[in-house]
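K.L.:
Shown below is the structure under consideration.
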Amino acid sequence: MLTIEGLRKEYGAVVALQGASLSLVPGTIHALLGANGSGKSTLVKMLGGVVRPTEGMIWVDEQRLETGSPAHAIHQGIAVSYQETSLVPSMSVADNLLLGIEPTGKAGYVARRAIRERAAEILDQLELNIPPDVPVAELPTNAQHLLEIGKALVKRPKYLVLDEATAALRREEVKRLFSIVCGLRDEGAAILFVSHRFDEVYAICDRATVLRNGAVVGTRSLSKTSREELIQDMIGQRISLEPVRQETGNSIKKQSLRLKARSLTNSELGGVDLEVSAGEIVGIGGLQGQGQTALLRALIGAILVRGDLETEGHRGLFRNPSHAAESGVRFISGDRGREGVFGQRSIYENIMIGRIATSPLWQRAWQRGKNRAVRDLVEQLKIVHHSLTQEVRGLSGGNQQKVLFARTLASRPNVVILDDPTKGVDVSTRMEIHRLLRSMAGAGVGLLIASSDDEELAGVCDRVLIMYEGRIVRELTGDLQPSHITKASIEGAQSEKGKGAETRADSL
Amino acid sequence: MRTRFSSNQTATRIFRSPAMIGWVLFLLGLVANAIVQPTLFKLSVINSNLGLAAPLVMVAIGQTAAVLAGGIDLSVGAIVTLTNVLVVSLCSFHHTGFWLAAILGVAAGIAVGVVNGFIISIVRIPALLVTFAMMSIINGVALAILPQPGGQIPADIYQIYGNTVAGLPFPLLLIIVGVLLWVVFRYRKIGRYLIAVGGAAGSSRANGIPVTKVRFQSYVLSAMFASLAGLFLTAEVSSGDPLIGASYALNSLAAVVLGGTALAGGRGSVSGSVGGALFLILVQNIVYFANVPSYYQTLVSGLIVVMGLATTGVLYARSGKWRLTNGR
């Protein structure tokens, strides 16, 4: 049994966690829920020894855990899969999997064959078909997240902590992970499962502890608790779960075309046509990995593509993302940490860079008087902060995402392209972001949103395009229902498989 | 399914390895050198070239350890000097036996690394500043020990240096010993952890790697190889000079970068650095034998090195291609 007693963490004047207590019982899966900034990640990092608590202690099987020491935590059988991963990009898959716990021979040399064997074992278990000696940096994001999980599994932990482990995974990968995790549970391990996805929590967890503003609200048995009750615990007030689309509705008349793409083709795209009008939100759905990401990146010139593109005041494909930005086409990546925020810079700079990036290089960058505009944006988006000069990396994930929106708004875009805009964001921030998307559309911006979340697409989009194998196979309009989108995604896959042979023959 | 990758994988890995660049440059340099200097492959010429190369190779190996771990060591040249002046002055003016002097000289060099490592990893002052300051301090100490060039080591020592042992040039054996010494570290945990810490210090810490200790050790390793280089250099030139190591700090860095190691740390190999160091030695040969007027020799050799670095940079950019992460 692992028991956390009154863990408290202060960063200067900010209290990230105020006296959290919970216990992990062997043979159970325990959910940890909470809005962004509620202290979940801090708690997880303390379990892993990465963060040293200001107060409180952790007991592992009646023994006191030496806090602030990752090596000791690992030694005590605690393995953590971190939300932001703890991989070394330049090292190989196998070396990463056994990083820190390398088996050594008599002379102190690392047993490389043993490493490869253990790595192959765990890759097999995860059904990950990747060569073990490729550098991790070359893997796609979902494979990296699976490796992060594999790195925890390889330690054969008594206590496994999964922090948002499923956020970057595909559906079938989540399924596989769950069967592994349930296997571990049956063998007597205790698992702490941190997630925003209620379906997943209900699917595998026994109990749930909810954190709010750094404090434990309560621990509940999930079989006796409804989703609404959990959400209420997390938010502290009743909220409506109504989709936001109805508020502004489809009343915006189609005005001028903001973006028009014709037969975009590359190795991942098989001739995509699409149009986005002013004031319209177009969703891109489908099973994951059907070329959605490639399409977004092709539109902004981040990857090579053939075809034609037309936007206001510009005709032709963009050479690179900055060329797109100059023409008022902005991209918000789903990978906040690497392609979004400048973590070590201030909120102010992070927002202003959106406007500065497209102005001449010799123009004075930080002008007085711009403060006001930034302050308005920060207030409008309700970004929780204590100062505009605060480093962005100190903000919670949801607030970092809002900073990206503020940056985009500051640049007054014509078209905004978003990849999974609410990934790893809590329920209430998610609704705020949806409202914001609608209001941007209301102001005449054309939006294109790719999301793996059909509820999100149904809730916020005017039309949804379903992709399959790099092509748009269906278009859904009118009264959008999540189940329709899911169905169309699966059906698209099936109908396409039938005629796959002839289309391939055609393209030859 | 996994086996499908393995057949062409070894080839791909070698070809894409950053170390390749260092060795390709070395081979190109060798060809160019052979053209301007037909006697290049005579044993005596090989011997003298390797004699010049051995110290730089050693310093470059040590520098690689520091750079891989995400640091830099500018004090290596001063350490070379320190070992040189200590060994020579102990031998010539204090009548110490050569081997005792050698041990003391190397120990002094390693001590400098210990101080570097302590200040950088525990006091947490940037490596660039610490090792730069240490360079001045140790150069000053060297001047105090031996104000003017002079002194001598026993003749039998420097005679071995110019000879062959079992048909192999002695300096080549020294290089092999240096590389083997590195291998001792490379395939232990420390070898991996240098790369891990240089590649992602935060991740390394989360995985229980003692980051502070690894950083500390990287400077001790760097100093150890530098002082061995100082010993080799002493054996080659057979006398002491308080300015003898001045060029090694930057040349070793050039060798490291030419060998495809990222200055940011975490990526690279000692093998590449060895290739890079040999290339640098060849460049000086080429410029000399191509009858470049002596006024322009440094200019031309500098240009060649810049071209080499540019090649490394371009090929690097291609192998570790920048790309926006693709969702799949």
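Chains A and B are the protein sequences, given in the same order. Numbering of the first sequence is given in UniProt numbering, commencing with residue 1 and proceeding in unit increments. Numbering of the second sequence is given in UniProt numbering, commencing with residue 1 and proceeding in unit increments. Note that CB positions come from ideal geometry on N, CA and C, so glycine has one too.
Residues in its own chain within less than 7 Å of L52 of chain B by CB, not counting five upstream and five downstream?
P.N.:
Result list for L52 of chain B: I281, in chain order.
K.L.:
Give the range of the beta strand (DSSP E) segment to which R306 of chain A is assigned.
P.N.:
306 to 311
K.L.:
Reducing DSSP to helix, strand and coil, say where L192 of chain A ends up.
P.N.:
In the structure shown, L192 of chain A sits in a strand (DSSP, three-state: E or B).
K.L.:
Please list the segments of the beta strand (DSSP E) lying wholly inside the segment 118 to 174 of chain B, counting only runs of 3 or more residues, in order along the chain.
P.N.:
none
K.L.:
Give the residues of chain A in contact with G266 of chain B, contact being defined as C-beta atoms less than 9 Å apart.
P.N.:
V88, P89, S90, M91
K.L.:
For W99 of chain B, does the count of other Cβ atoms within 10 angstroms reach 16, so buried, or fall short, so exposed?
P.N.:
Result: exposed.
K.L.:
Of the residues A:R463, A:I281, A:A441, A:G49, which one's Cα is nearest the Cα of residue 531 of chain A?
P.N.:
Residue 531 of chain A lies beyond the range of chain A shown here (1 to 508); nothing can be said about it.
K.L.:
Thinking just about the alpha-carbon of each residue, which of A:R319, A:E469, A:D61 is nearest to the one in Q290 of chain A?
P.N.:
A:E469
K.L.:
Distance, Cα to Cα, G236 of chain A vs S226 of chain A?
P.N.:
15 Å
K.L.:
Please state the DSSP three-state secondary structure of W23 of chain B.
P.N.:
DSSP places W23 of chain B in helix when its eight states are reduced to three.
K.L.:
Can you pull out the residues from the segment 182 to 201 of chain B whose beta carbon lies closer than 7 Å to at least one beta carbon of chain A?
P.N.:
Y187, R188, K189, R192, I195, A196, G199, A200
K.L.:
Between the beta-carbon of G260 of chain B and the beta-carbon of L25 of chain B, is there less than 7 Å?
P.N.:
no
K.L.:
Could you check if G279 of chain A is buried or exposed, using at least 16 other CB atoms within 10 Å of its CB as the buried criterion?
P.N.:
buried
K.L.:
Is it buried or exposed, E228 of chain A, if we count other Cβ atoms within 10 angstroms and call 16 or more buried?
P.N.:
exposed
K.L.:
List, in order along the chain, the chain A residues whose C-beta lies closer than 9 Å to that of A206 of chain B?
P.N.:
K45, G48, G49, V50, P70, V80, Y82, S86, G100
K.L.:
Which one or two residues does DSSP pair with W59 of chain A in a beta bridge?
P.N.:
A:T3, A:R64
K.L.:
Against S203 of chain B, what residues of chain A qualify as contacts under a CB-to-CB distance less than 7 Å, listed in chain order?
P.N.:
S86, L87, V88
K.L.:
Give the range of the alpha helix (DSSP H) segment to which S252 of chain B is assigned.
P.N.:
248 to 258
K.L.:
Near L221 of chain B, what residues of its chain come up, given a Cβ to Cβ distance below 7 Å and the 5 sequence neighbours on each side ignored?
P.N.:
G62, A65, F185
K.L.:
With 7 Å set as the bound, which would you pick, yes or no: does the beta-carbon of I209 of chain B sit closer than that to a beta-carbon of chain A?
P.N.:
At least one chain A Cβ lies under 7 Å of I209 of chain B.
K.L.:
Here's the rule: buried if 16 or more other CB atoms are within 10 angstroms of the residue's CB, otherwise exposed. What is V31 of chain B?
P.N.:
Exposed, since its Cβ has fewer than 16 Cβ neighbours within 10 Å.
K.L.:
Helix, strand or coil, according to DSSP, for G272 of chain B in the structure here?
P.N.:
helix
K.L.:
Using the beta-carbon of each residue, which ones in chain B are nearer than 7 Å to D95 of chain A?
P.N.:
By Cβ distance, chain B contributes R192.
K.L.:
At a threshold of 6 Å, does Y159 of chain A count as lining the ligand SAH (C-beta to nearest heavy atom)?
P.N.:
Of ligands this structure carries none, so the ligand SAH is not represented either.
K.L.:
Under a three-way DSSP split, which group does M431 of chain A fall into?
P.N.:
helix
K.L.:
Does the count of Cβ pairs from the segment 244 to 262 of chain B and the segment 178 to 197 of chain B closer than 8 Å reach three?
P.N.:
no
K.L.:
Which residues in chain B have a C-beta closer than 8 Å to the C-beta of I472 of chain A? List them in chain order.
P.N.:
Here the premise fails: no neighbours, minimum Cβ distance about 16 Å.
K.L.:
Could you check where the alpha helix (DSSP H) with L123 of chain A kicks off and where it finishes?
P.N.:
112 to 125
K.L.:
Check whether the segment 88 to 98 of chain A touches the segment 115 to 124 of chain A, counting contact only when three or more Cβ pairs, one atom from each stretch, lie closer than 8 Å.
P.N.:
Verdict: yes, contact present.
K.L.:
At what residues does the alpha helix (DSSP H) containing G398 of chain A begin and finish?
P.N.:
397 to 410
K.L.:
Which term fits A488 of chain A, buried or exposed, when burial requires 16 or more other beta carbons within 10 angstroms of its beta carbon?
P.N.:
buried
K.L.:
In whole angstroms, what is the alpha-carbon distance linking V276 of chain A and S387 of chain A?
P.N.:
So the two alpha carbons sit approximately 37 Å from each other.
K.L.:
Sorted by chain position, which residues of the same chain lie with C-beta nearer than 6 Å to D273 of chain A's C-beta, five sequence neighbours on each side aside?
P.N.:
Scanning its chain for C-beta atoms nearer than 6 Å, with the 5 sequence neighbours on each side dropped, one finds around D273 of chain A the residues R262, in chain order.
K.L.:
Counting only the same chain and skipping the five closest in sequence on each side, list residues whose C-beta sits under 6 Å from that of G328 of chain A.
P.N.:
P413, N414
K.L.:
Residues of chain B with a CB under 9 Å from the CB of I74 of chain A: which are they?
P.N.:
N207, G208
K.L.:
What in chain B is Cβ-close to V425 of chain A, meaning under 7 Å?
P.N.:
Chain-ordered listing is empty here: chain B has no CB closer than 7 Å to the CB of V425 of chain A, the nearest sitting near 18 Å.
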